[in-house]
Amino acid sequence: MARYIVATADEIPPGGRKIVEVAGRSIGVFNLGGEFFALRNRCPHQGGPLCEGKTFGLLQARVPGAIEYSRPGEILTCAWHGWEFDIRTGRSWCAPERLRVRRYEVSVEPGDALAAAADAPAPGLVRGPYQAEPRYLVVEIAPERGSNRAASGATSGHGRGGGRRGAFRRRGWSAAPTRPRPTRWRRRAYSSSRSSYGPPR
Amino acid sequence: MATTLPRATTEAPVRPAIIDCDIHNELDSERDLYPYLPARWLDHLKTYGTRGPSGASYPRFLNRRNDAHPPSGREPGSDPAFTARQLLDEWNVAYGILNPLTGAGSQLNPEFDAALATAVNDWQVAEWLDPEPRLRASIILPFEHADLAVAEIERRAGDRRFVQVQFSGRPREPMGRRKYWPIYAACEAHGLAVMSHAFGSGGGPITGCGWPSYYIEDHVGPAQSMQANLISLVVEGVFERFPGLRVVSAENGFGWVPSLLWRLDSAYALLRDETPHLARRPSEYVREHVWFCTQPIEEPERPRDFLRLVEQVGADRLIFASDYAHWDWDAPDTALPARLPDEVRRKIFYENARDLYRLPDRAG
Ligand code: FES
C-alpha cells in the first residue's frame with residue numbers, strides 16, 4: 331500500500347475537487363461537506379474522464395410524479411455520456427452492485443506526522459518538507475495486480491485507456507463469450523480493464 | 073471547479089489511422105458568420121434573426137463533452153486548432169468529415185436560407201478546410217428548395233474537400249419525394265454522397281404519433297425518422313432513378329436495419345405491383361446504396377448480439393463516427409461493445425469510408 335500526498339486539506343473546499351496524477355493514475359479528490367473521497371478518473375463505460383463531470387444531487391421517484399431530490403452535490407456524472415456515480419461509494423446509480431469506479435482511501439493528516447513518517451518513508455510517500463499546518467490529504471493506493479496493471483490506461487500509454495479498450499482484440503467473428511451468460515452490465519467484464527471496477531481495493 | 077494537474081506523459085504507441093465520419097464544427101456564436109454574409113443578409117440576420125420550423129430538438133441535444141472546452145474560451149467544437157489536437161491528433165484521424173449543425177438549411181425564408189448555407193460553407197472552407205488538410209466537409213444546403221440547393225451544389229462541386237451534402241433528419245417530406253430529386257441528380261453527377269443527419273425538423277414531431285414528454289424520447293427518436301426516409305428513398309425508386317447515388321445515415325442507429333429490411337422485402341413480395349418501378353428487392357438497394365454511421369453505438373448486453381448485428385447489417389455498411397464534441401460522442405478505442413476481427417474493424421474504422429467518399433489512401 332503506497333501513500334501519496336495529493337493536496338493540502340484547505341485546497342479543496344466543500345463541494346470542490348482536485349484532479350491529481352499519482353502512480354500513473356489520474357484521480358479525482360472530492361470534498362463533500364468536509365469529508366474527502368477519491369475516485370479513479372476513468373469511466374468504466376468508454377474510459378472518459380469521469381471526475382471532470384458535473385455533480386448533482388440524487389433524483390429519485392418512487393412512483394411517477396413523486397420526485398425526491400436529496401444529497402445535493404454527491405452524485406458525479408461522467409464528463410462524456412453522463413453515467414451517474416455515487417462519490418461516497420464509487421458505485422454507479424444504474425447498476426450499483428456490478429458497475430463501480432475504483433475508489434481510494436483518503437486521510438487527512440497533520441504535517442508533523444508526515445514529516446516523521448517521511449524519515450522512514452513508505453513507498454510513494456513523498457519526502458517533506460512538511461509544515462505542521464496546514465493538514466495534508468493522503469491517498470492510499472494498492473498496487474494493481476499484474477495482468478490488470480498491464481491493461482491500465484495509465485501504464486500502457488494508450489491515452490484515456492480504460493473502459494472497453496480491449497474490445498478490438500480478436501476473439502473470432504462470432505465468438506461466444508468465454509464466461510457464463512452475463513447478467514446486467516456484466517458484459518463490461520470482458521474488457522481488459524477489469525481493474526476499474528469490482529470491489530474497491 | 074476542477075483543478076487539473078498536468079498529466080504524466082508516456083510514450084504512446086501510434087494508433088491505427090481512422091476516418092471519423094461525423095465531426096461537429098460549431099459556431100462560437102452567430103457572429104462567426106458575419107464576415108461571410110453579404111450586407112443584405114447580414115442586415116436581415118441582425119434585424120429579424122433566424123427562424124426554422126419549431127420543435128427541431130431540445131437544446132440538450134447540442135450539449136458538449138464536459139472536457140472539450142478549448143483553452144481559447146470558445147465554445148466546444150468551435151476552435152479548429154483544439155479540435156485538431158483533442159480529436160484528430162489524439163486518435164490518429166486520417167480524415168474527419170465535418171457536419172455543422174447551424175440552422176442553415178431549415179430557415180423558413182428561402183433566400184435567406186440559401187444565403188446562410190452559402191455563408192456556412194464559405195466559413196467551413198476558410199476556417200476549417202484551408203488550415204487543416206485532414207478535414208473534409210458536408211455541403212450545407214437549403215434542401216427544401218431544390219433550385220437553390222442545386223445552385224449551392226454547383227458552387228461547391230469543384231472543391232473535392234466537400235464529399236457530401238447534408239440533409240436534416242426530418243425534412244418536410246420523406247426523402248424519396250420528387251421535390252428532392254434535382255438535388256440527387258446533382259449529387260450523382262458530381263459524385264457527392266447525401267447524408268441524413270439526425271434531428272432538425274420540418275415542423276412535425278419526432279414520433280409518428282405526436283409530441284412526447286421527455287428528452288430521452290428525442291434521443292432514441294431519430295431511428296423512426298430515418299426508417300421513414302429510408303423506406304421512402306427505396307420505394308419512390310430513387311436508387312433506380314439515380315443508380316450512382318450514395319446515402320449516409322448519421323446518428324440514427326443501425327440496430328433496426330435488419331428487421332426493417334426483412335419487413336420491406338416481405339411486403340415487396342406481397343405488394344410489388346404497386347411499385348413496379350422497383351426492379352429488385354428493397355434490401356438490395358439498401359445494401360448497395362446506404363451506409364450507417366456507428367455513433368451512438370448500439371450497446372446490447374451480450375457482446376455476441378453486437379457481433380450478430382454487425383453481420384446482419386453488413387460489415388461493409390458501417391462507418392465509424394465519433395460525433396465529437398457532442399456529449400454522446402463515441403471514443404474510437406472503447407466504443408464497440410464487442411471485439412471484432414481486425415479486418416472487420418479496419419473496414420468500419422477506415423476502409424468503408426475511404427471507398428465511400430473516394431478518399432486517397434492515408435493509412436500508411
Ligand atoms: S465514458 Fe463515462 S459515461 Fe461513457
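Chains X and Z supply the protein sequences, listed in that same order. Offset between the first sequence (1-based) and my numbering: plus 330. Offset between the second sequence (1-based) and my numbering: plus 72. No residue lacks a Cβ here, since even glycine has one placed at the ideal position from N, Cα and C. Owing to the predicted nature of the structure, the values given are computational and were not obtained by experimental measurement.
query: Using a Cβ distance threshold of 8 Å, determine whether the region 188-200 of chain Z contacts the region 214-224 of chain Z, with at least three qualifying pairs required.; result: yes
query: So, for MET267 (chain Z): in the same chain, excluding its five sequence neighbours on each side, which residues have a beta-carbon less than 6 Å away from its beta-carbon?; result: SER210, GLN236, GLN238, VAL320, ALA322
query: So, are the CB atoms of LEU389 (chain X) and TYR399 (chain X) less than 9 Å apart?; result: yes
query: For a cutoff of 9 Å on Cβ pairs, would you count PRO402 (chain X) as touching chain Z?; result: no
query: Please name the residues in the region 122-142 of chain Z whose beta-carbon is closer than 7 Å to at least one beta-carbon of chain X, in chain order.; result: ARG137, ASN138, ASP139
query: Identify whether VAL362 (chain Z) lies in helix, strand or coil by the three-state DSSP scheme.; result: strand
query: Would you mind working out which of Z:ILE391, Z:ALA258, Z:VAL329 sits nearest PRO294 (chain Z), comparing C-alpha positions?; result: Z:VAL329
query: Taking CB distances under 9 Å as the criterion, tell me whether ILE335 (chain X) reaches chain Z.; result: no
query: Would you verify that the beta carbon of ALA409 (chain X) is, or is not, closer than 9 Å to some beta carbon of chain Z?; result: yes
query: Out of curiosity, what's the CA-to-CA distance linking THR279 (chain Z) and MET298 (chain Z)?; result: 11 Å
query: Comparing the C-beta of THR406 (chain Z) with each C-beta of chain X, is any distance below 9 Å?; result: yes
query: For GLU414 (chain X), which residues in the same chain have their Cβ closer than 6 Å to its Cβ, ignoring the five residues on either side in sequence?; result: ILE405, THR407, TRP423
query: I want to verify the contact list: residues of chain X whose CB lies under 8 Å from the CB of ASP402 (chain Z), in sequence order.; result: GLN376
query: Name the residue from Z:TYR167, Z:GLY124, Z:GLY175, Z:ARG426 whose alpha carbon lies nearest to the alpha carbon of TRP200 (chain Z).; result: Z:TYR167
query: Grab the span of the alpha helix (DSSP H) containing PHE54 (chain Z) for me, first residue to last.; result: Since the first and last residues shown for chain Z are 73 and 436, residue 54 (chain Z) lies out of range.
query: Quick one: residues in its chain with C-beta nearer than 6 Å to the C-beta of ASN97 (chain Z), no 5 flanking neighbours on either side, listed in chain order?; result: LEU170, PRO172, TRP200
query: For ALA353 (chain X) versus VAL359 (chain X), is the C-beta distance shorter than 9 Å?; result: no
query: Let me check you understand the geometry: is the CB of GLN376 (chain X) closer than 8 Å to at least one non-hydrogen atom of the ligand FES?; result: yes
query: At a threshold of 8 Å, does LEU431 (chain Z) count as lining the ligand FES (C-beta to nearest heavy atom)?; result: no
query: Answer yes or no: the CB of GLY420 (chain X) versus the heavy atoms of the ligand FES, is any distance below 8 Å?; result: no
query: GLY383 (chain X) CB to nearest chain Z CB: under 9 Å?; result: yes
query: If you reduce the DSSP assignment to three classes, tell me which class ASN389 (chain X) lands in.; result: Looking at the sequence shown, residue 389 (chain X) is not Asn but Leu. Note: LEU389 (chain X) maps to strand in three-state DSSP.
query: Which residues in chain X have a C-beta closer than 8 Å to the C-beta of TRP399 (chain Z)? List them in chain order.; result: TRP410, HIS411, GLY412
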